[in-house]
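Asker: If you scroll down you'll find the structure; I have some questions about it.
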Amino acid sequence: MAALHVKWLREPGPTDVLSFDYGEVIVCPWVAEKEAPRHNLTTEEELLLYGIHGFLHLTGWDDKSRADRVAMVAEQGRLFALARGAVPRSNPGNAAREP
Numbered sequence: 001m002a003a004l005h006v007k008w009l010r011e012p013g014p015t016d017v018l019s020f021d022y023g024e025v026i027v028c029p030w031v032a033e034k035e036a037p038r039h040n041l042t043t044e045e046e047l048l049l050y051g052i053h054g055f056l057h058l059t060g061w062d063d064k065s066r067a068d069r070v071a072m073v074a075e076q077g078r079l080f081a082l083a084r085g086a087v088p089r090s091n092p093g094n095a096a097r098e099p
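Residue numbers for the sequence shown follow full-length UniProt numbering, so the first one is 1 and each next one is one higher.
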């Protein structure tokens, strides 16, 4: 993910999600696993959040300016609340994750 982040956005280090113009959304499960506890979420919920974030970018939302970021985070939260019940509150992926 770090290599893709550098290649496409010229920013160092891994990121949580990348969205591309042809509808591709790439999420990073290792970032999600690390960040989920900080947000009081399961890894699966964190990945769901990344997917929603990527989808919003594909539908024209932007988070470059502060005002745009505030609006996008609000919409992301609204969609996450709607979808959250579809994700089980377990973390089976953590035990079997790839190195």
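Even for Gly, the Cβ is constructed at its ideal location relative to N, Cα and C.
(1) Pick from Ala71, Arg84, Leu58: whose alpha carbon is nearest that of aspartate 21?
(2) Report the option in His5, Phe80, Val6 whose CA atom is closest to the CA atom of tyrosine 50.
(3) Taking glutamate 33 as the reference, which of Met1, Glu44, Gly23 has the closest Cα?
(4) Hey, is threonine 42 close to the ligand HEM, as in C-beta under 7 Å from one of its heavy atoms?
(5) From which residue to which residue does the alpha helix (DSSP H) around leucine 58 run?
(6) Take leucine 47 as the anchor and find which of Leu9, Trp30, Ser65, Leu56 has the nearest alpha-carbon.
(7) Measuring straight from C-alpha to C-alpha, what distance separates glycine 54 and leucine 4?
(8) Checking the sheet assignment: what are the DSSP bridge partners for residue 102?
(9) For lysine 7 and lysine 64, what's the separation of their Cα atoms in angstroms?
Answerer: On the basis of the coordinates in this document:
(1) Shortest Cα-Cα distance from aspartate 21 to any of Ala71, Arg84, Leu58 involves Leu58.
(2) If we check each option's Cα against that of tyrosine 50, Phe80 comes out closest.
(3) Glu44
(4) As for the ligand HEM, it is missing from this structure, which has no ligand bound.
(5) 43 to 58
(6) Trp30
(7) 15 Å
(8) Nothing about residue 102 can be read from this structure; the chain reaches only from 1 to 99.
(9) 19 Å
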